[in-house]
Amino acid sequence: MNNFSFYSPTFFEFGQGAEAKTGELIRQFGGTKVLLHYGGGSIRKNGVYGKVIAALTTADIPFTELGGVVPNPRSGLVYEGIELAKKEGVDFILAVGGGSVIDSAKAIAAGVKYDGDFLDFYRKKASIEDALPIGTVLTIAAAGSEGSANSVITDEETQIKKGAYSNKLRPRFSVLNPEFTCTLPAYQTAAGATDIFIHVCKRYFSNTPEVAITDRLCEAVMKTIIYETPRVLRDPNNYDARANIMWAGMIAHNDICGVGREQDWASHHIEHELSAMYDVTHGAGLAVIVPAWMKYVVEKHPERFVPFATEVWGVPLDMPNPIETALRGIERFEAFLKQIGMPSRFSEIGAKKEDIPKLVDKLFANKETEGFYVKLNRDDVTKIYESVADV
Ligand code: NZQ
Ligand code: ZN
Numbered sequence: 050m051n052n053f054s055f056y057s058p059t060f061f062e063f064g065q066g067a068e069a070k071t072g073e074l075i076r077q078f079g080g081t082k083v084l085l086h087y088g089g090g091s092i093r094k095n096g097v098y099g100k101v102i103a104a105l106t107t108a109d110i111p112f113t114e115l116g117g118v119v120p121n122p123r124s125g126l127v128y129e130g131i132e133l134a135k136k137e138g139v140d141f142i143l144a145v146g147g148g149s150v151i152d153s154a155k156a157i158a159a160g161v162k163y164d165g166d167f168l169d170f171y172r173k174k175a176s177i178e179d180a181l182p183i184g185t186v187l188t189i190a191a192a193g194s195e196g197s198a199n200s201v202i203t204d205e206e207t208q209i210k211k212g213a214y215s216n217k218l219r220p221r222f223s224v225l226n227p228e229f230t231c232t233l234p235a236y237q238t239a240a241g242a243t244d245i246f247i248h249v250c251k252r253y254f255s256n257t258p259e260v261a262i263t264d265r266l267c268e269a270v271m272k273t274i275i276y277e278t279p280r281v282l283r284d285p286n287n288y289d290a291r292a293n294i295m296w297a298g299m300i301a302h303n304d305i306c307g308v309g310r311e312q313d314w315a316s317h318h319i320e321h322e323l324s325a326m327y328d329v330t331h332g333a334g335l336a337v338i339v340p341a342w343m344k345y346v347v348e349k350h351p352e353r354f355v356p357f358a359t360e361v362w363g364v365p366l367d368m369p370n371p372i373e374t375a376l377r378g379i380e381r382f383e384a385f386l387k388q389i390g391m392p393s394r395f396s397e398i399g400a401k402k403e404d405i406p407k408l409v410d411k412l413f414a415n416k417e418t419e420g421f422y423v424k425l426n427r428d429d430v431t432k433i434y435e436s437v438a439d440v
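Heads up: take any position in the sequence shown, counting from 1, add 49, and you land on the working numbering.
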């Protein structure tokens, strides 16, 4: 196991009615004037907006609003948010929504405290030294941004989607009411579950030996997603299934499953180019890319695919042919993604084969290789894209 630092200071209020505490939590974490940040229409339709406003009003917290965050959030609204937050003198940002809203809130929080262009953080030209505190009310189990130090934003000018990382971005608190996720369309539920599962894969497929504790945590999260996702798709109001998925989403990405080991985020970066160019739902893009990545690297480096097959998917170990065991695990993963309604080809997500050179150019704009489990170059990534591109 490698040495590590682990800092995960977010306070979680979990369960039915948890949102009623939002106002007092803001006060507890020093907020006196809030920027309320949210997405499109979903929180108004399902009543979450009204509940959050009631909690702010009860706690007597003044707020100003900025809605309109789109999935795969854009730089334009972040600039608007920074200006509004400065003009109104807010000292706390409350994100009500999913990963896109939370990531946009994190970008605003860092941008308010920075004299330059906030995109410097995403272009790796500057590091985040300070940020306004943020809190979240989560409405979709997926990205894990409610407990993570990351934010992913698409630069509207270049259509490049990149992440920034800083412990300063970790939310002070996150309110998780699983009931709020019951109104998600089945596709979003499944895409969210896919993202959660794959956040764990990024940590599981590691070259670091002797990390049994995080291996077992990873397996628990993956098995929970395998069990609960079909249950919730059959019965969208199943509270316990929603609750297990929601907490799995947090555990998958606040890095408790990833400490002490090398991680491999190549396939996430390969997907981000798709969601930036075609506005694909992130989890659906991952459903296309990750099995393709697995099939490409398994022969080069099968070791971690064997426990993935046996411990996560229950494939019997074929001792003389571990590669066969590994391949059966990938097959079961693909069958699961199909069962929950996720795509597997470019044509299903609006991506085009002729754009592959552009996707590869963007991905390798300022680096030579991607990933660690198996290091990938431009040629490797081209082949991965081509393997799922339709003629
Ligand atoms: O905009 P509204 O109307 O709210 O609709 C949203 C949106 O269309 C809808 N939705 C959310 N909660 C709902 C609901 N609809 C009905 N009922 C509800 N309760 O769902 C759609 C997707 O929302 P979004 O926030 O985009 O989903 P998600 O949480 O999957 O976030 C995706 C973004 O997070 C980034 C992704 O790249 C993508 O941009 N990621 C962020 C990470 C992080 N910060 O740590 C890590 C991830 O790997 C990921 O890259
Ligand atoms: Zn993700």
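For glycine and all other residues, C-beta sits at the position ideal for the given N, C-alpha and C.
Helix, strand or coil for Val161 per DSSP?
In the structure shown, Val161 sits in a helix (DSSP, three-state: H, G or I).
Quick one: is Asn199 buried, meaning 16 or more other Cβ sit within 10 Å of its Cβ, or exposed?
Buried, by the Cβ-count rule.
Taking 7 Å as the cut-off, is the C-beta of Ala240 nearer than that to any heavy atom in ligand 2?
Not under cutoff, so the answer is no.
So, with DSSP's three-state summary, where would you put Ala443?
The structure shown does not extend to residue 443, since the chain spans only 50 to 440, so no value can be given for it.
Is the distance from the Cβ of Thr230 to the Cβ of Arg280 below 8 Å?
Their beta carbons are not under 8 Å apart, which means Thr230 does not touch Arg280 by this criterion.
Just how far apart, CA to CA, sit Ile305 and Glu268?
Distance between the alpha carbons of Ile305 and Glu268: 13 Å.
Quickly, what does DSSP pair Ser223 with across the bridge? List them, please.
Ser223 pairs with Phe61 and Thr185.
Taking only runs of the alpha helix (DSSP H) that begin and end inside the segment 199–281, which ones reach a length of at least 4 residues, in chain order?
Runs of the alpha helix (DSSP H) inside the segment 199–281: 235–253.
How long is the line joining the alpha carbons of Asn370 and Ala192, rounded to whole angstroms?
When rounded, the distance between both Cα atoms is 36 Å.
For Ala239, does the count of other Cβ atoms within 10 angstroms reach 16, so buried, or fall short, so exposed?
Buried is the call here.
I need the boundaries of the beta strand (DSSP E) containing Gly72, first residue and last residue.
Unbroken run through Gly72 is the alpha helix (DSSP H), Thr71 to Gln77; no beta strand (DSSP E).
Taking DSSP as the reference, what is the three-state secondary structure of Gly125?
DSSP places Gly125 in helix when its eight states are reduced to three.
Count Cβ pairs between the segment 170–179 and the segment 78–94 that sit closer than 8 Å; are there 3 or more?
Verdict: no, contact absent.
Tell me whether Phe385 is buried or exposed, calling it buried when 16 or more other Cβ atoms sit within 10 Å of its Cβ.
The residue in question, Phe385, is buried, as its Cβ has 16 or more Cβ neighbours within 10 Å.
Which of helix, strand or coil does DSSP assign to Leu335?
Three-state DSSP puts Leu335 in a helix.
Is it the case that the CB of Ile157 approaches a heavy atom of ligand 4 more closely than 7 Å?
Ligands in the displayed structure: ligand 1 and ligand 2; ligand 4 is not one of them.
Measure the alpha-carbon distance for Asn216 versus Thr278 and round it to whole angstroms.
Approximately 30 Å between the Cα atoms of the pair.
Rank Phe357, Glu322 and Thr418 by C-alpha distance to the C-alpha of Ile247 and give the top, closest one.
Residue Phe357 is the option with its Cα nearest to Ile247.
Going straight from the alpha carbon of Ala242 to that of His302, what length do you get?
Their Cα atoms are separated by approximately 12 Å.
Relative to the alpha-carbon of Ile154, which residue among Tyr327, Leu84, Ile319 and Phe382 has its alpha-carbon at the smallest distance?
Residue identity differs from the one stated: residue 154 is Ala in this sequence, not Ile. Closest by alpha carbon: Leu84.
I'd like the list of long-range same chain contacts for Lys424, defined as Cβ closer than 7 Å, with 5 residues on each side in sequence excluded.
Thr418.
Return the CA-CA distance between Gly212 and Ile372, expressed in angstroms with no decimal places.
Whole-angstrom Cα-Cα distance: 34 Å.
Identify the residues that DSSP records as bridge partners of His86: which are they?
Partner(s): Leu115 and Ala144.
Cβ of Tyr345 within 8 Å of Cβ of Asp429?
Yes, the pair counts as a contact, with Cβ atoms nearer than the cut-off.
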